[in-house]
Amino acid sequence: MGKKLLIVESPAKAKTIQKYLGKDFVVKASMGHVIDLPEKEFGVDIEKDFKPKYVTIKGKAKVLKEIKEAAKKSDEVYLATDPDREGEAISWHIANALKRIKKDKVYRVRFNEITKRAIAEAVKNPDKIDENKVYAQQARRILDRIVGYTISPLLSKRFKRALSAGRVQSVALRLICDREEEIKNFVKKEYWTVEALLRKGDKEFGAKAVAVDGKKLGKFDIPNREKANEIVSRTIGKPFKVVKVERKERRRKPPAPFITSTLQQEASKRFGFPAKLTMQIAQQLYEGIDLGNERVGLITYMRTDSTRVSEEAVKEVRKFISEELGKEYLPSKARNYEGKTPKSAQDAHEAIRPTSVFRTPESVKKYLTPEQYKLYDLIWRRFVASQMRDAVFNTVSADIDAGGVTFRATGSTLKEEGFLKVYPVEVEEKLLPDLKEGEEVEVKEVKGVQHFTEPPPRYTEGTLVKALEEEGVGRPSTYATIISNIIQRGYVEKEKQRLKPTELGQFINSLLKKLFPKIVDVKFTASVEEELDKIEEGKKDWKELLKEFYFGEFKGLLENAERELKGMRGEEVGRECPECGAPLLKVHGRYGTFIACSNYPKCKYKESLKEDEKVGRECPECGGELVIKRGKFGRFIACSNYPKCKYTEPLTFGKCPKCGEGDIVERKSKKGKVFYGCSRYPDCDFVSSKPPKGV
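For the sequence shown, the residue numbers in the working numbering are 328 to 1022.
Written out as structure tokens, the structure is:
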């Protein structure tokens, strides 16, 4: 029997699978896509039905050559790239590149987990490439190319800086900017509650007014102190009598196993992981970890929007719960989460789960990094919990009357922990004394408490992912890249783990809303996702979608934008230039945002948008005040009398810890990321991503 070639995407995955398949197979990694649209040209012939021009990606020629040579020496070729649209497209491109290999010797295999059983099963039952999936991926890629390669250069040319307007990232930016606008325009509203501190025996407890003379109190029914005091005064000297006691059982169901978006949300909430980091760690757990005597994928495929779980996995987890946790934690029937899958889901894979639930987090902890352990532990616990009994609480609610004012006290205690045993969530237990109808309780204090409504919070990475998912924008596999891109491009910054739009981000958003309303329209972008799904299902032709998008409205908007942008340099700030009287503009230039004269280049007046930070020293050349400014390569010290005085010096943060001679200075990478390095570079190569202490 001759050799067989199996192609996957990553070297880590190849290493794991090679151990399973043995010497009959050669396993090669494509390192992701090997063929794509060209990097430095449009690569789409719109006039010829949007025909794409595919080229070998720069740096991938060697990889493709090795795959071709290995294929020539093999009797059979198995394309085992990821089981999603991107993976299908990679397999399709590789298959087309293997021209000399007979088509009936090239197979497509798919698996949801990297285990010996799953790989053997997939190879035993090969399939064909799903061309509808390929067409859906191709349509998305061309759509993104049309938007990116037409709008971005238009903005960059006009504003003299590298600007980007990705199709889905622009919608994410809009959500963040719209939220910022909500916060800015928010008008707080005052409201009051009336609260009592009561006592029975040696137990004190609180109660809140919920009704007056039998009429229920709404949130804003006590608008001020006077109304609160009026209600308080009705209770003075009156007995506090228990009029109603209700005891109930409340059940809390376990959450569904993770899908990509919920994993990103929970890892953000619990550990503060950015979405990109969560996906990187999940990829490592999926592709394979060395566990001493074996290498195995610990979790199933991590790009999924389905909550489905295989029958085999359900049987295994129910066995684990019964044997390891106790039969009292096992429900009589297995739970089914298929109905929990989002409406927009492609439902192509299972939920994210451990490949074997008997491989507990503790048993593999020593082989994992701290971050890998945290994420694996979270995935493992969530999956086990999803097949456990409900948590059961005993709840008690008591209505207490005083002068026609009804106060309500509530309590809750945990009766059965159920799934909380392995997946703890915040549970507030509140004990009330044993209250009986008709009895009186002692009153310690009754008072009005002032409150104000609060604006909606800024998005975290987790809550933005949730919003994108709920709106049906993008796909789970794209969220991490979208968020990473808008931060990297300087449109959004993180402030206390929350996403805040920058001046530049708000400017780009306002421009796109004005010139390309469809591109930043949430509902439109969600409808495009639905159309892509139709292509995958074979219900729509990919060329039709592109024609509808481009010729329907986009082409006209593009032509209009070119006209609109011709005379635009920035936003008017409502002031005149002190030198020539022309309107001043807020300009988003190559080196940042500043204020300049609209009469440029005749008038070269400009000023900093923000007040420069003072150094506390005089300029050695003219005696002016030295200030900290921001430039192309980071912050530096300059004279405040610029441009009359052009004195500058580097901003330093102490001596270099490596060479002891140079000073630590702030620098910027080509991608705009700030880092700290030695002023003696390249003689000293010390760099640090973190600012020195005290900076």
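Ideal Cβ positions, reconstructed from N, Cα and C, are used throughout, including at glycine.
Are residue i and residue j touching if we call contact CB-CB under 9 Å?
i	j	result
V361	K387	yes
G615	I441	yes
K400	V353	yes
L873	L481	no
K460	R412	yes
F547	K870	no
R552	W519	yes
Y694	L612	no
G658	D717	The sequence as given places Pro at residue 658; Gly does not occur at that position. Yes; because the gap between Cβ atoms is below 9 Å, this pair is in contact.
E776	E522	The displayed chain sequence assigns Val, not Glu, to residue 776. Yes. Within cutoff.
L590	I706	yes
R561	V539	yes
V719	R579	yes
For the alpha helix (DSSP H) that contains residue i, what are its first and last residues?
i	result
K375	First-last for K375: undefined, no H or E at that position.
F980	It is not in any alpha helix (DSSP H) - F980 instead sits in the beta strand (DSSP E) that spans T979 to K982.
Q777	Unbroken run through Q777 is the beta strand (DSSP E), E767 to F779; no alpha helix (DSSP H).
C504	Q496 to N512
G943	Run containing G943: none in the alpha helix (DSSP H); it sits in the beta strand (DSSP E), E940 to E945.
K546	That residue, K546, is in no alpha helix (DSSP H); it is neither H nor E in DSSP.
P688	P688 to V691
S811	P803 to Q815
Measure the alpha-carbon distance for residue i versus residue j and round it to whole angstroms.
i	j	result
S804	P970	49 Å
V942	E508	34 Å
S1015	R994	10 Å
D674	N836	Unreliable positioning characterises D674 in this predicted model, as indicated by a pLDDT of 44, which lies under 50. The coordinate reading is nonetheless provided below. Each residue's alpha carbon lies about 33 Å from the other.
C1005	E856	48 Å
K933	F921	7 Å
F851	A356	37 Å
V723	L525	16 Å
K701	P584	16 Å
P550	K654	53 Å
F647	V684	7 Å
A665	R708	A small fix is needed here, since residue 665 is Glu in this sequence, not Ala. Each residue's Cα considered, the two are about 19 Å apart.
A609	E593	13 Å
L859	G414	16 Å
I586	M629	7 Å
I964	E899	29 Å
A478	L791	Here the sequence assigns Ile to residue 478, which means Ala is not the residue at that position. Cα-Cα distance, rounded: 24 Å.
S491	Y476	9 Å
M358	K340	10 Å
M328	D351	Reliability of the predicted coordinates at M328 is poor, the pLDDT of 48 falling under 50, and the value obtained from them is presented with this limitation in mind. M328 and D351: Cα-Cα distance of roughly 8 Å.
F980	E952	20 Å
K426	I473	30 Å
D363	D457	18 Å
I503	I810	11 Å
L747	K642	21 Å
A534	K596	31 Å
E830	E820	10 Å
A661	Q496	40 Å
G765	A712	43 Å
Could you tell me if residue i is buried or exposed, where buried requires 16 or more neighbouring beta carbons within 10 angstroms of its beta carbon?
i	result
N812	buried
N439	buried
E767	exposed
R577	exposed
Y907	A small correction: the amino acid at residue 907 is Cys; Tyr does not occupy that position in the sequence shown. Label assigned to C907: exposed.
K670	A caution first: K670 carries a pLDDT of 45, below 50, which makes its placement in the model unreliable, though a value can still be read off. Looking at its Cβ environment, which holds fewer than 16 other Cβ atoms inside 10 Å, K670 is exposed.
Y715	Sequence inspection shows Met at residue 715; the Tyr mentioned does not correspond to that position. Counting Cβ neighbours within 10 Å, M715 comes out buried, since at least 16 surround it.
A672	In this prediction, A672 has a pLDDT of 43, which is less than 50 and means its spatial position is unreliable; what the coordinates show is noted afterwards. By the neighbour-count rule (16 or more Cβ atoms within 10 Å), A672 is buried.
H915	buried
Y405	buried
H676	buried
R802	buried
For the beta strand (DSSP E) holding residue i, just list the boundary residues, first then last.
i	result
H360	Here H360 belongs to no beta strand (DSSP E), and DSSP marks it neither H nor E.
H420	Careful: H420 lies outside any beta strand (DSSP E), inside the alpha helix (DSSP H) at R412 to A424.
N721	A718 to A729
R890	R890 -> not in any beta strand (DSSP E); alpha helix (DSSP H) instead, spanning K882 to L892.
T520	E517 to K527
S739	V732 to E743
I991	D990 to K995
A489	No beta strand (DSSP E) contains A489, which DSSP labels as neither H nor E.
A538	K530 to V539
F647	No beta strand (DSSP E) holds F647; the alpha helix (DSSP H) holding it covers E638 to F647.
Indicate whether the contact test is met: 3 or more Cβ pairs, each with one atom in the segment 620-629 and one in the segment 328-347, closer than 8 Å.
yes
Does the segment 512-528 come close enough to the segment 874-883 that 3 or more CB-CB pairs lie under 8 Å?
no
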